[in-house]
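Per this note's numbering, the sequence shown starts with residue 3, numbered consecutively. Note sheet for the following structure.
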Amino acid sequence: MIFHVLTLFPEMIAEGMSHSIIGRAQDAGIISVNAVNIRDFSEDKHKHADDYPYGGGAGMVMSCEPIYKAYDSIVRERRRRSRPRVVYLTPQGQVFNQEMAKSMAEEEDMIFLCGHYEGVDERVLEAIVTDRVSIGDYVLSGGELAAMVMMDAIARMVPGVLTNEESGSTESFEGNLLEYPQYTRPEVWQGRKVPEVLLSGHHAKIEEWRRQQSILRTLLVRPELLDGAELSKKDQKYLEGLRAQSECKNNAK
Ligand code: 6GU
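In structure tokens form, the structure reads like this:
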């Protein structure tokens, strides 16, 4: 899979994608990152890629032509049968999630368009963008960090990027439950003990405890996820117990 990123800050993308699991996947040739500088496609002598907004107002708007030319250079080079998926990073988009990451991981090419300033001329968006995506309800200064968040999550879903050992941790969100807490040595740190059950060597008990911790955390922090969670009869009983407990506490207040 090739990630193409149309940006005014290509170094930011190259650096951000060069570490850890994503860096390793690039070295292994499973994914590659092609950061394209939109400014290189500007035709004016000062290499401007933006201009004043029609109708007035603050800030600058990124122009159509350099973005389109950068996009077209990728499309020509890749000689695809169909048009590639093009994501425009914007708080005015659909909110990104694990399911979208999985579906995008099946593409051969993904193009990300990173905006800056007050935005991008709507006409080039209409012409090339297939998906408008936000990574959450807050405003970033540009699309680069959001594109890197998406590429990380997507790359993890590409076969061969994670080792067998690493792929366990993708299951957490897929089952709609948060992860259980982890501990390593020492057994006591600043007076805080590792939960006894984890030292017991009793695998079935450990698994049951971890499952319950996942359910408890999800209930406390992200209760809305539980609606979509795959819960066994035993899980449901535990959850009912937790809910009954919190009822009791509320009544005592
Ligand atoms: Cl995708 N882009 C920008 N600029 N800000 C954001 C965002 C994206 N998602 C949340 N805030």
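The beta carbon of each residue, even a glycine, is placed where N, CA and C say it ideally should be.
Inset, instruction - Tell me whether I137 counts as near the ligand 6GU, meaning its Cβ is closer than 6 Å to at least one heavy atom of that ligand. - result: I137: yes, Cβ under 6 Å from the ligand 6GU.
Inset, instruction - Provide the residue(s) that pair with S34 in DSSP beta bridges, ordered along the chain. - result: S34 pairs with I4.
Legend entry - Extent of the continuous alpha helix (DSSP H) run through D237: That run of the alpha helix (DSSP H) goes K235 to A254.
Legend entry - Candidates L91, R81 and G59, of which the one nearest E110 by Cα: Cα-wise, what sits closest to E110 is R81.
Inset, instruction - Look at D133 and V89 and say whether their C-beta atoms are less than 7 Å apart. - result: Yes; because the gap between Cβ atoms is below 7 Å, this pair is in contact.
Inset, instruction - Confirm the yes/no value for this check: CB of L91, any heavy atom of the ligand 6GU, distance under 6 Å. - result: Taking the Cβ of L91 as the reference point, at least one heavy atom of the ligand 6GU falls within a distance shorter than 6 Å.
Inset, instruction - Examine the ligand 6GU and report whether any of its heavy atoms sits within less than 6 Å of the Cβ of G145. - result: At least one heavy atom of the ligand 6GU is nearer than 6 Å to the Cβ of G145, so yes.
Inset, instruction - In angstroms with no decimal places, state the Cα-to-Cα distance between L147 and L218. - result: Spanning the two alpha carbons is a distance of roughly 31 Å.
Legend entry - Meets three-Cβ-pair contact criterion under 8 Å: the segment 121–139 and the segment 61–72: Segments in contact, yes.
Legend entry - A103 beta carbon near the ligand 6GU (any heavy atom closer than 6 Å): False, no ligand heavy atom lies under 6 Å from that Cβ.
Legend entry - Coil, strand or helix - R80 by DSSP: Helix, per DSSP.
Legend entry - CB-CB length for S136 against T92, believed under 8 Å: Going by Cβ atoms, the distance from S136 to T92 rounds to 6 Å, so yes, they are a contact pair.
Inset, instruction - Give the secondary structure of L180 by DSSP, where H, G and I count as helix, E and B as strand, and everything else as coil. - result: Residue state, collapsed to three classes: coil.
Inset, instruction - Name the residue from V141, V223 and F98 whose alpha carbon lies nearest to the alpha carbon of G117. - result: Comparing alpha-carbon positions, the option among V141, V223 and F98 lying closest to G117 turns out to be V141.
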